[in-house]
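So the sequence lines, in the order shown, correspond to chains C and S.
Read in order, the letters of the first sequence are residues 1 to 117 in this note's numbering.
Read in order, the letters of the second sequence are residues 1 to 109 in this note's numbering.
Note that the Cβ used here is the ideal one computed from N, Cα and C, for glycine as well.
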Amino acid sequence: KAGVTQTPRYLIKTRGQQVTLSCSPISGHRSVSWYQQTPGQGLQFLFEYFSETQRNKGNFPGRFSGRQFSNSRSEMNVSTLELGDSALYLCASSSGPRGVTTNEKLFFGSGTQLSVL
Amino acid sequence: GEDVEQSLFLSVREGDSSVINCTYTDSSSTYLYWYKQEPGAGLQLLTYIFSNMDMKQDQRLTVLLNKKDKHLSLRIADTQTGDSAIYFCAENAGNMLTFGGGTRLMVKP
Numbered sequence: 001k002a003g004v005t006q007t008p009r010y011l012i013k014t015r016g017q018q019v020t021l022s023c024s025p026i027s028g029h030r031s032v033s034w035y036q037q038t039p040g041q042g043l044q045f046l047f048e049y050f051s052e053t054q055r056n057k058g059n060f061p062g063r064f065s066g067r068q069f070s071n072s073r074s075e076m077n078v079s080t081l082e083l084g085d086s087a088l089y090l091c092a093s094s095s096g097p098r099g100v101t102t103n104e105k106l107f108f109g110s111g112t113q114l115s116v117l
Numbered sequence: 001g002e003d004v005e006q007s008l009f010l011s012v013r014e015g016d017s018s019v020i021n022c023t024y025t026d027s028s029s030t031y032l033y034w035y036k037q038e039p040g041a042g043l044q045l046l047t048y049i050f051s052n053m054d055m056k057q058d059q060r061l062t063v064l065l066n067k068k069d070k071h072l073s074l075r076i077a078d079t080q081t082g083d084s085a086i087y088f089c090a091e092n093a094g095n096m097l098t099f100g101g102g103t104r105l106m107v108k109p
């Protein structure tokens, strides 16, 4: 079974631009979560989608958005990029119905390393 | 800062045991997790423990949970150079995972 696939692996953008990152979950998984990892703030939860609906949202500004398609693939978008958005963006999938309050395990992709210049 | 706290760094010799500690804050967390991250990779789930358990053993890994003190530890027996990585503890609170800052484990041959 293929794991969680994130594309692209690396991205370089300049301030003010926007970016779209893609995540394909493990086959059969319906929940996709996004996390931002930076040296200063560590791993922070962005949002989670289940069956095309945003189920949970972290404490990030509205410039960060996402969506999920009917095949469970997900994209996240960051508009008006700032230097501080430079980070490793990790996507994780799980089977989904009950969320992480239960024993559903998260499986992570290798991430997209975004550099904002 | 993080609500889940870990020490930054641990160095051990190959063959020794490693103990990585974590304190968490949300007493309503039902599961606590340990993840491993190798350079350039995502997070790999190592093990987890349900909050009504005190201990869980999984091959070389032993997880200890002290709910009263909100303290979680991961013991790696017979540590190998391949165990060198960053280890994150995480709690599930509010239907999302909250991670600690990570402990970098260095294993010296």
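- With a cutoff of 7 angstroms on beta-carbon distance, LEU90 of chain C and GLY101 of chain S are scored as not near each other.
- Close partners of ALA41 of chain S in chain C (Cβ separation under 9 angstroms): PHE108, SER110, GLY111.
- Chain-ordered listing is empty here: chain C has no CB closer than 8 angstroms to the CB of MET53 of chain S, the nearest sitting near 12 angstroms.
- Counting C-beta atoms within 10 angstroms of its own C-beta, ASP85 of chain C has 16 or more neighbours from the protein chains shown and is therefore classed as buried.
- One alpha carbon belongs to TRP34 of chain C, the other to PHE47 of chain C, and they sit about 6 angstroms apart.
- Not a single C-beta of chain S is nearer than 7 angstroms to the C-beta of PHE50 of chain C.
- The way I'd put it, the segment 68-78 of chain S does touch the segment 13-28 of chain S; three or more beta-carbon pairs between them come closer than 8 angstroms.
- Rounded to whole angstroms, the gap between the alpha carbons of TYR48 of chain S and MET96 of chain S is 15 angstroms.
- By the beta-carbon neighbour count (other beta carbons within 10 angstroms, threshold 16), ILE12 of chain C is exposed.
- Residues of the segment 74-105 of chain S whose Cβ lies closer than 9 angstroms to any Cβ of chain C, in chain order: PHE88, ALA90, ASN92, ALA93, GLY94, ASN95, MET96, LEU97, THR98, PHE99, GLY100, GLY101, GLY102.
- Contacts with chain S at 7 angstroms (Cβ-Cβ) include GLY42 of chain C.
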